[in-house]
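Engineer: Note that our numbering gives residue 246 to position 246 of the sequence shown, counting from 1, and the numbers run on in steps of one. The beta carbon of each residue, even a glycine, is placed where N, CA and C say it ideally should be. The structure displayed is predicted, hence computed values, not measured ones. Have a look at this one before I ask anything.
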Amino acid sequence: MRSLLRPRLLLPLALVGALGCGKKDIDPPFTMAVDIPVAARVGNEAFACGKTYTNVGTTGTTYEPMDFRVYVHDVRLVTRDGEEVPVTLTEDGTWQHSGVVLLDFANKDGLCTQGTAGMNASIKGAAPEGTYTGLRFKLGVPEELNHGDPTTLGEPLGDMGLHWNWQSGFLFTRIEGRTQGLPQHVMHLGSTSCAPPPAGQTQGTAGCENNNRPEFRLDGFDVTKNKVVMDLGALFAGSNLDQNLSGPNTAVGCMSFPNDVDCAPIFERLGLPYDGQAANPAAQAFIRAE
């Protein structure tokens with residue numbers, strides 16, 4: 001399996017000369033293919049549906065995965081001089097479309113009965129040839145697509161299981177599992193406190209108070225060697241996954257809406273502000289480079 005996750009940079013594309021009588025050859029810019037592996041973990045263990053993890057969260061509970069899917073976009077590489085260079089994502093008709101990638105770590109094993117058996121654990125695209133020392137990307141679906149019609153946007157934006165409604169848009173993450181205390185703990189990240197559609201429109205929103213799109217900045221990331229790690233153990237390190245602390249008639253876990261005490265420690269580990277809690281990017285622990 002390790003070989004499947006090894007980052008790959010293809011050699012520069014062959015030069016194509018524009019030949020003509022009396023004309024100087026013109027060579028296009030060199031381009032390299034980018035293939036960034038993304039590994040899902042629960043602490044030090046690889047994530048897999050059908051497994052049971054121990055010592056998760058503040059109660060040291062067990063955790064049995066039910067789903068783990070994440071949208072990312074706005075992927076950029078960073079040069080030695082600090083310049084951000086966008087990665088042109090490959091349009092594959094399944095996992096990448098319109099600058100959005102769906103990272104899907106859940107198949108149909110164990111309790112993972114939602115979604116599809118297919119999985120995607122990489123970000124693929126192209127960038128100008130160069131030496132890069134950092135990686136940037138945002139979690140979620142960009143605003144210009146978030147409130148569109150999922151039935152017409154094309155895969156991977158067509159899964160209604162990753163969509164709330166016209167007003168709020170997509171679930172940026174769908175992370176679910178069973179613990180010792182709860183038959184289902186959910187962590188759904190998405191935009192909240194979204195206004196109704198603008199005057200004269202029946203769909204979409206006039207704007208969301210909480211956009212909830214964290215940006216991840218991985219300095220020292222060598223695109224030829226490193227991989228991105230998404231760690232549920234770190235994400236839930238400050239959370240009690242055995243109780244619904246917000247009380248009855250509320251989401252069991254965190255669905256991003258204000259006034260849910262279960263969301264506060266999770267948002268902190270995403271580096272996001274939450275319900276009066278200031279954003280603290282330094283506390284971000286969910287995503288790292290290896």
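#1: If we count the other Cβ atoms within 10 Å of its Cβ and call it buried at 16 or more, is residue 130 buried or exposed?
#2: Looking only at its chain, what residues have a beta carbon closer than 7 Å to the beta carbon of residue 281, apart from the 5 residues adjacent to it on each side?
#3: If you count every other CB in all the chains shown that lies within 10 Å of the CB of residue 240, and 16 or more means buried, which is it?
#4: Give the DSSP-derived three-state secondary structure of residue 254 in the structure shown.
#5: Can you round the beta-carbon distance between residue 136 and residue 78 to whole angstroms, since I take them to be within the 8 Å contact cut?
#6: So, do the stretch 156-176 and the stretch 205-212 have three or more beta carbon pairs nearer to each other than 8 Å?
#7: By the DSSP assignment, the beta strand (DSSP E) with residue 80 in it spans what residues?
#8: Where does residue 27 land, buried or exposed, given buried means 16+ other C-beta within 10 angstroms?
#9: Measuring only the C-alpha atoms, how far is residue 119 from residue 101?
#10: For the alpha helix (DSSP H) containing residue 263, name the first residue and the last one.
#11: Name the residue from 91, 75, 90 whose alpha carbon lies nearest to the alpha carbon of residue 84.
#12: Hey, could you find the ends of the alpha helix (DSSP H) residue 134 is sitting in?
#13: Counting only runs that start and end within the stretch 137-186, where is the beta strand (DSSP E) found for 3 or more residues in a row?
#14: Tell me the rounded alpha-carbon separation between residue 265 and residue 209.
#15: Over what stretch of residues does the alpha helix (DSSP H) that includes residue 218 continue unbroken?
#16: So residue 102 is in the beta strand (DSSP E); what residue range does that whole segment cover?
#17: Check whether the stretch 153-161 and the stretch 208-223 touch, using three or more Cβ-Cβ pairs below 8 Å as the test.
#18: Is residue 139 closer than 8 Å to residue 72 when the C-beta atoms are compared?
Structural biologist: Answer, in terms of the structure:
#1: Within the sequence shown, the letter at position 130 stands for residue 130. Exposed: under 16 other Cβ atoms inside 10 Å.
#2: Here residue 281 corresponds to residue number 281 of the sequence shown, with the count starting at 1. So the list reads 271, once near-sequence residues are dropped.
#3: If you number the sequence shown from 1, residue 240 lands on position 240. With 16 or more Cβ atoms within 10 Å of its Cβ, residue 240 is classed as buried.
#4: Within the sequence shown, residue 254 is the residue found at index 254, counting from 1. Residue state, collapsed to three classes: strand.
#5: Looking up residue 136 in the sequence shown gives position 136. Looking up residue 78 in the sequence shown gives position 78. Confirmed, about 6 Å.
#6: Yes, the stretch 156-176 is in contact with the stretch 205-212.
#7: Position 80 of the sequence shown, counted from the first residue, corresponds to residue 80. Unbroken run through residue 80: none, as it is neither H nor E.
#8: What you label residue 27 is simply residue 27 of the sequence shown in a count that begins at 1. At residue 27, the pLDDT of 47 sits below 50, so the modelled position is not reliable and the matter cannot be decided from this model.
#9: Position 119 of the sequence shown holds residue 119. Position 101 of the sequence shown holds residue 101. Straight-line Cα distance between these residues: approximately 12 Å.
#10: Residue numbering aside, residue 263 sits at position 263 when the sequence shown is read from its first letter. First-last of the alpha helix (DSSP H) with residue 263: 263-270.
#11: Position 84 of the sequence shown, counting from 1, holds the residue named residue 84. Looking at the Cα atoms, 75 is the closest of the given residues.
#12: For the purposes of this step, residue 134 is identified with residue 134 of the sequence shown, where counting begins at 1. That residue, residue 134, is in no alpha helix (DSSP H); its beta strand (DSSP E) goes 132-139.
#13: Every beta strand (DSSP E) of 3 residues or more that sits fully in the stretch 137-186 is shown, in chain order, as 163-165, 173-179.
#14: Within the sequence shown, numbered from 1, the residue matching residue 265 stands at position 265. Within the sequence shown, numbered from 1, the residue matching residue 209 stands at position 209. Taking the straight line joining both Cα atoms gives about 20 Å.
#15: Translated into the one-based positions of the sequence shown, residue 218 becomes position 218. Residue 218 -> not in any alpha helix (DSSP H); beta strand (DSSP E) instead, spanning 215-219.
#16: Residue numbering aside, residue 102 sits at position 102 when the sequence shown is read from its first letter. Element bounds for residue 102: 100-104.
#17: no
#18: Along the sequence shown, one-based indexing puts residue 72 at 72. Along the sequence shown, one-based indexing puts residue 139 at 139. Yes, Cβ-Cβ distance for residue 72 and residue 139 is below 8 Å.
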